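Order-wise, the sequence lines are chains A and B. Mind the numbering: the first sequence is residues 1205 to 1638 in this note's numbering, read in order. Mind the numbering: the second sequence is residues 1205 to 1638 in this note's numbering, read in order.
Protein chains: 2
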Amino acid sequence: MRIIELNETSKKNILENLLKRSPNQYEAYANIVDQIIKDVRNNGDKALFSYTKEFDKADINEANIKVTEEEIKKAYQQVDNKLLEILRKAKKSIEEYHTKQKQNSWFDASKEGIILGQKVTPIEKVGVYVPGGKAAYLSTVLMDVIPAKVAGVDRIVMVTPPDTKGEVYAGTLVAASEAGVTEIYKVGGAQAIAALAFGTKSIPKVDKIVGPGNIYVALAKKAVYGHVSIDSIAGPSEILILADETANPRYVAADLLSQAEHDELASSILVTTSRKLAEEVSTEINKFLESLSRRDIIKKSLDNYGYLLLAKNMDEAIEVTNEIASEHLEIMTKDPFMDMTRIKNAGAIFIGEYSSEPLGDYMAGPNHTLPTNGTAKFFSPLSVDDFIKKSSIISYTKEALEKVHKDIEAFALSEGLSAHANSIAVRFDENYSN
Amino acid sequence: MRIIELNETSKKNILENLLKRSPNQYEAYANIVDQIIKDVRNNGDKALFSYTKEFDKADINEANIKVTEEEIKKAYQQVDNKLLEILRKAKKSIEEYHTKQKQNSWFDASKEGIILGQKVTPIEKVGVYVPGGKAAYLSTVLMDVIPAKVAGVDRIVMVTPPDTKGEVYAGTLVAASEAGVTEIYKVGGAQAIAALAFGTKSIPKVDKIVGPGNIYVALAKKAVYGHVSIDSIAGPSEILILADETANPRYVAADLLSQAEHDELASSILVTTSRKLAEEVSTEINKFLESLSRRDIIKKSLDNYGYLLLAKNMDEAIEVTNEIASEHLEIMTKDPFMDMTRIKNAGAIFIGEYSSEPLGDYMAGPNHTLPTNGTAKFFSPLSVDDFIKKSSIISYTKEALEKVHKDIEAFALSEGLSAHANSIAVRFDENYSN
């Protein structure tokens, strides 16, 4: 893996290179996606079934689009019991963590005659997209569904593309069932997102759509944003490890590799103050590499988006860490908790040498749906907050309003809004007429 | 104003008619907006200045784009002292309310050797769009800036279009200064949004863009979403009043009118169980109308998007209220607090007959930037939460990881990810090699 010294030029080049991975770079596909959305919006199920035939090579119709109880039962028979047990452990810790995120409604009644507050209400209907294909997404199902359940979402509608036999991967069905989802439809891609956003005869319209997908799914989510809400536009995965000379190069190497195996666009970066560590990590990576099943993907990912970056000191190391704003950040330094206090931008922060990133993927409890590609500067991990919305509460008595009514009227008139002033004034002057 | 009895058909027609007001209906302008964004992205200031010349008829360049301290001083001389006093009162209550929204970082250390948590960090750089033109937006400035300040945003960059003389409305500058904004640029429209999203020589790139604007601004915000975050896509304003026979028809009429004066696309709706109330409200509206300065706008708004809706009973009234999901909801019923508990979807809820909507626009404290056009089903009022983001915190000791390491490895292998399994295993087996 290449070792690069940080300076203004190398930093700029690296940041630009990393952004090439963004779904924002694929706007060329936007036209196709817009066409699919329009078609589903206008022609409903007909368009949906026809795209499923075209893209997934599956015959789906009104009668078989919804996963049946029998199919779920059958799926359970196909899933290893040991795995089911682990899935249930994972579910438990994900539930525990997310329950702590629950916000209460609150009110403030500290002023006589005035109640102000914030009412928290779950979103009523949520769509969860689960990718299909050969890969398994058991953990994704848990991570997307459990926060919605904890928030109190009434109706969770899952969509996932079928295989050519019109079947859904057994693991997905079992994970969905364990998470409490009962409504699953065999449809994927941009057409599934369009169906969730606008509704068809078979698929109910939802209020928000969450879940990862390919570039068509990502662009479709962006296109329907505003009609419905979405979680975020997911990009390829990434890790940044911030380490000093105290870090174990073998652990660093193994963790960089684990991220690189996701896909060729994944990015694995070490930022360190120690050249010795960088060199040892490079050696360890080569030692591991040949024995890993996904080494071809890993090699491409490391060649294109992998870096061992040398910083002059910890200040510079932390600065570039904040600029990259990585989805996953591991801190393996002398004093990792104190260094964490200087981190402004990261999706999830793994502290200390035993907090390896895959711990967060499956088992620890915090959500693994995280902001990618620098968006940790402004986006957050998927959370219970994504499945609620707030309403402000305002209540004044006559006496309380009377104290401010002249101010409000004057403010309204200053903005040229006489009907606003009127609506306050009529409450204090029986004969008021602006 | 028309009185309509609620039934499935009338409800469907009304909901469809209201959606015609959505910015989502104006996708025809999207191409122009995309072109402007591309141009600013590629040509920076040059494009920015040229669009400002074209659309705002103002000569803006590197030397005069930034508002100077002298200009702010001059603005103070033009603003009425009484108004300034009211502005400061409003600022105080807005600050008080939003301070209550502040979320703490938290951690859970209840299990030996495990720390899980959620770190809250302010977004670093935020852009605030303030519309220009003849209307004044003093309250908008306060509502957009104060939550960002409370959240701890480091750098707030305001943009607002200049008049033909290259000047910015004095009220906007004074409100900005009172709210603590020191960096204001004279640029508006889609070109301003593009500049904030990608940066130009004169305008810094920000992480998030908030604030209302015309259709070009709304579409530009949607287009740059993903590159940066945005607050929401604002549509025209609306009010729904839920009232029974106990409501004062004069107050109901005045409040419906106050919303209708915003613009021709504004919507004012009464949902009531009392035909008598609906008829009296209609009469009162006609009485007020002729004396209001913006009656032409009001008439068009009421004709196109105003309704007095008759529900058979409170259940039906509340159901349609939740389906419309209004930006502003006033409840004027016998027991308005209890009826509030049944409201699922609304931006701000005004309870009781003295909680007139303009109270919330200026003075009460809760934010007046609210989800419009049915988006209260999934969006929330602008809040301190819009200006922070969260990072998950995960830290395990060796002993804690050891208890789950076999489960994580098995789960990873079940998803076909051997490098994930490897990264955990190497920590427990010196010679591990997958």
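For each residue, glycine too, the CB sits at the ideal point set by N, CA and C. Being a predicted model, the structure only gives us computed values, none of them experimental.
**Item:** Contact under 8 Å by Cβ, Ala1394 of chain B with Ile1240 of chain B
**Value:** As a position in the second sequence, residue 1394 of chain B is number 190, starting the count at 1. As a position in the second sequence, residue 1240 of chain B is number 36, starting the count at 1. For Ala1394 of chain B and Ile1240 of chain B, yes; Cβs fall inside 8 Å.
**Request:** Flag Val1608 of chain B as yes if its beta-carbon sits less than 8 Å from any beta-carbon of chain A, otherwise no.
**Result:** What you label residue 1608 of chain B is simply residue 404 of the second sequence in a count that begins at 1. It does; some Cβ of chain A falls within 8 Å.
**Message:** 8 Å is my cut-off, CB to CB: does Ile1502 of chain A come that close to chain B?
**Reply:** As a first step, residue 1502 of chain A is located in the first sequence; it is residue number 298 there, counting from the start. Yes, because at least one Cβ of chain B sits closer than 8 Å to the Cβ of Ile1502 of chain A.
**Asked** Between which two residues does the alpha helix (DSSP H) containing Thr1487 of chain A stretch?
**Response** Residue mapping note: residue 1487 of chain A aligns to position 283 of the first sequence, counting from 1. Note, Thr1487 of chain A: alpha helix (DSSP H), Arg1479 to Leu1493.
**Request:** Express the C-alpha separation of Val1330 of chain A and Ile1360 of chain A in angstroms, rounding to a whole number.
**Result:** In the first sequence, counting from the first residue as 1, residue 1360 of chain A sits at position 156. In the first sequence, counting from the first residue as 1, residue 1330 of chain A sits at position 126. Going from the Cα of Ile1360 of chain A to the Cα of Val1330 of chain A covers about 5 Å.
**Request:** Using a Cβ cut-off of 8 Å (strictly closer), state whether Phe1402 of chain B contacts chain A.
**Result:** For the purposes of this step, residue 1402 of chain B is taken as the residue at position 198 of the second sequence. Chain A contact via Cβ: absent.
**Segment limits, alpha helix (DSSP H) that includes Met1542 of chain A** = The residue labelled residue 1542 of chain A in the question sits at position 338 within the first sequence. It spans Pro1540 to Met1544 - the alpha helix (DSSP H) in which Met1542 of chain A sits, taken as one unbroken run.
**Prompt:** Going along chain A, which residues have a C-beta under 8 Å from Met1567 of chain B?
**Reply:** Mapped onto the second sequence, residue 1567 of chain B falls at position 363. Under the 8 Å cutoff, chain A gives Val1608, Asp1611, Ile1612 and Phe1615.
**Asked** What did DSSP end up calling Thr1404 of chain A once you bin it into helix, strand or coil?
**Response** Indexing the first sequence from 1 puts residue 1404 of chain A at position 200. Here Thr1404 of chain A sits in coil by DSSP.
**Message:** Relative to the C-alpha of Ser1441 of chain B, which candidate in B:Lys1425, B:Asp1565, B:Ser1596 and B:Val1588 has its C-alpha closest?
**Reply:** To locate residue 1441 of chain B, count along the second sequence from 1; it is residue 237. Cα-wise, what sits closest to Ser1441 of chain B is B:Asp1565.
**Item:** Alpha-carbon to alpha-carbon, Lys1278 of chain B and Ile1290 of chain B
**Value:** Here residue 1290 of chain B corresponds to residue number 86 of the second sequence, with the count starting at 1. Here residue 1278 of chain B corresponds to residue number 74 of the second sequence, with the count starting at 1. Those two C-alpha atoms are separated by around 20 Å.
**Request:** Assess, as a yes-or-no matter, whether the region 1510-1521 of chain B is touched by the region 1547-1561 of chain A under the definition of 3 or more beta carbon pairs within less than 8 Å.
**Result:** no
**Prompt:** In chain B, which residues lie less than 9 Å from Asn1571 of chain A when you measure between Cβ atoms?
**Reply:** Looking up residue 1571 of chain A in the first sequence gives position 367. By Cβ distance, chain B contributes Ser1596.
**Prompt:** Does the distance from the C-beta atom of Thr1303 of chain B to that of Ala1447 of chain B stay below 8 Å?
**Reply:** Within the second sequence, residue 1303 of chain B is the residue found at index 99, counting from 1. Within the second sequence, residue 1447 of chain B is the residue found at index 243, counting from 1. In this structure, Ala1447 of chain B does not lie closer than 8 Å to Thr1303 of chain B by Cβ.
**Request:** Give the C-beta separation of Ser1309 of chain A and Val1324 of chain A to the nearest angstrom, bearing in mind that I take them to be a contact with Cβ-Cβ under 8 Å.
**Result:** Position 105 of the first sequence, counting from 1, holds the residue named residue 1309 of chain A. Position 120 of the first sequence, counting from 1, holds the residue named residue 1324 of chain A. Right, the Cβ-Cβ distance comes to about 5 Å (below 8 Å), so this counts as a contact.
**Prompt:** Whose C-beta lies closer than 7 Å to the C-beta of Pro1351 of chain A among residues of the same chain, with five residues either side of it excluded?
**Reply:** Counting from one through the first sequence, the residue named residue 1351 of chain A turns up at place 147. Same-chain partners within the cutoff: His1302, Asn1571, Leu1586, Ser1587, Val1588, Asp1590 and Phe1591.
**Prompt:** With which residues is Ser1472 of chain B paired in a DSSP beta bridge?
**Reply:** By one-based count along the second sequence, residue 1472 of chain B stands at place 268. Answer is B:Ile1443.
**Secondary structure of Glu1449 of chain A, DSSP reduced to three states** = Here the question's residue 1449 of chain A lines up with position 245 in the first sequence. Three-state DSSP puts Glu1449 of chain A in coil, outside helix and strand.
**Request:** Would you verify that the beta carbon of Lys1412 of chain A is, or is not, closer than 8 Å to some beta carbon of chain B?
**Result:** For the purposes of this step, residue 1412 of chain A is taken as residue 208 along the first sequence, with counting starting at 1. Cβ-Cβ to chain B under 8 Å: yes for Lys1412 of chain A.
**Message:** I'd like to know whether the C-beta atoms of Val1432 of chain A and Phe1582 of chain B end up nearer to each other than 8 Å.
**Reply:** Working through the first sequence from its first residue, we reach residue 1432 of chain A at position 228. Working through the second sequence from its first residue, we reach residue 1582 of chain B at position 378. Phe1582 of chain B is positioned such that its CB atom lies closer than 8 Å to that of Val1432 of chain A.
**Message:** Give me, in chain order, the residues of the same chain whose beta-carbon lies closer than 7 Å to that of Lys1594 of chain A; leave out the 5 immediate sequence neighbours on both sides.
**Reply:** Here residue 1594 of chain A refers to the residue found at position 390 of the first sequence. These residues qualify, in order along the chain: Gln1322, Lys1323 and Val1324.
**Prompt:** Is it the case that the Cβ atoms of Asp1348 of chain A and Gly1392 of chain A are separated by a distance below 8 Å?
**Reply:** The sequence position of residue 1348 of chain A within the first sequence is 144, counting from 1. The sequence position of residue 1392 of chain A within the first sequence is 188, counting from 1. Going by C-beta atoms, Asp1348 of chain A is not nearer than 8 Å to Gly1392 of chain A.
**Prompt:** At a Cβ cut of 7 Å, what residues of the region 1413-1442 of chain A count as close to chain B, listed as they run along the chain?
**Reply:** Closer than 7 Å at the C-beta level to chain B, one finds these residues of the region 1413-1442 of chain A: Lys1426, Tyr1429, Gly1430, His1431, Val1432, Ser1433 and Ile1437.
**Message:** Need the endpoints of the beta strand (DSSP E) that Lys1329 of chain A sits in, please.
**Reply:** Translated into positions along the first sequence, residue 1329 of chain A becomes position 125. Segment Lys1329 to Tyr1333, the beta strand (DSSP E) holding Lys1329 of chain A.
**Asked** Cα separation between Ile1218 of chain B and Glu1523 of chain B?
**Response** Along the second sequence, one-based indexing puts residue 1218 of chain B at 14. Along the second sequence, one-based indexing puts residue 1523 of chain B at 319. So the alpha carbons of these two residues sit roughly 14 Å apart.
**Item:** chain B within 8 Å of Tyr1230 of chain A, Cβ atoms only
**Value:** For this step, residue 1230 of chain A is matched to residue 26 along the first sequence. No, Tyr1230 of chain A lies away from the interface with chain B (no Cβ there is under 8 Å from its Cβ).
**Message:** Taking the beta carbon of Met1542 of chain A as the centre, do at least 16 other beta carbons fall within 10 Å, making it buried, or is it exposed?
**Reply:** Taking the first residue of the first sequence as position 1, residue 1542 of chain A is located at position 338. Exposed, by the Cβ-count rule.
**Message:** If the criterion is Cβ atoms closer than 8 Å, does the pair Ile1598 of chain B and Phe1311 of chain B meet it?
**Reply:** The residue given as residue 1598 of chain B occupies position 394 in the second sequence. The residue given as residue 1311 of chain B occupies position 107 in the second sequence. No. Outside cutoff.
**Asked** How is the beta strand (DSSP E) around Val1363 of chain A delimited, first residue to last?
**Response** As a position in the first sequence, residue 1363 of chain A is number 159, starting the count at 1. From DSSP, the beta strand (DSSP E) with Val1363 of chain A extends over Arg1359 to Val1363.
**Request:** Please report how far the alpha carbon of Asn1508 of chain B lies from the alpha carbon of Asn1490 of chain B, in whole angstroms.
**Result:** Against the second sequence, residue 1508 of chain B aligns to sequence position 304. Against the second sequence, residue 1490 of chain B aligns to sequence position 286. Spanning the two alpha carbons is a distance of roughly 16 Å.
**Request:** Write down the C-beta distance between Gln1463 of chain A and Ile1443 of chain A rounded to the nearest angstrom, noting that I regard them as a contact closer than 8 Å.
**Result:** If you number the first sequence from 1, residue 1463 of chain A lands on position 259. If you number the first sequence from 1, residue 1443 of chain A lands on position 239. Indeed, because the Cβ distance is near 4 Å, the residues count as touching under 8 Å.
**Request:** Give a yes or no on whether the C-beta atoms belonging to Arg1225 of chain B and Leu1469 of chain B are separated by under 8 Å.
**Result:** For this step, residue 1225 of chain B is matched to residue 21 along the second sequence. For this step, residue 1469 of chain B is matched to residue 265 along the second sequence. Taking a C-beta distance under 8 Å as the contact criterion, Arg1225 of chain B and Leu1469 of chain B qualify as a contact pair.
**Asked** In chain B, which residues lie with their C-beta within 8 Å of the C-beta of Phe1554 of chain A?
**Response** Here residue 1554 of chain A corresponds to residue number 350 of the first sequence, with the count starting at 1. Those are Ile1598 and Ser1599, listed as they occur along chain B.
**Rounded C-alpha distance that separates Leu1605 of chain A from Phe1554 of chain B** = Position 401 of the first sequence, counting from 1, holds the residue named residue 1605 of chain A. Position 350 of the second sequence, counting from 1, holds the residue named residue 1554 of chain B. Each residue's alpha carbon lies about 13 Å from the other.
**Message:** Can you check whether the C-beta of Asn1308 of chain B is within less than 8 Å of a C-beta belonging to chain A?
**Reply:** As a working mapping, residue 1308 of chain B is identified with position 104 in the second sequence. For Asn1308 of chain B, the answer is no, since every Cβ of chain A falls outside 8 Å of its Cβ.
**Message:** Along the chain, where does the alpha helix (DSSP H) containing Tyr1509 of chain B start, and where does it finish?
**Reply:** Numbered from 1 along the second sequence, position 305 holds the residue referred to as residue 1509 of chain B. Counting along the chain, the alpha helix (DSSP H) containing Tyr1509 of chain B begins and ends at Arg1499 to Tyr1509.
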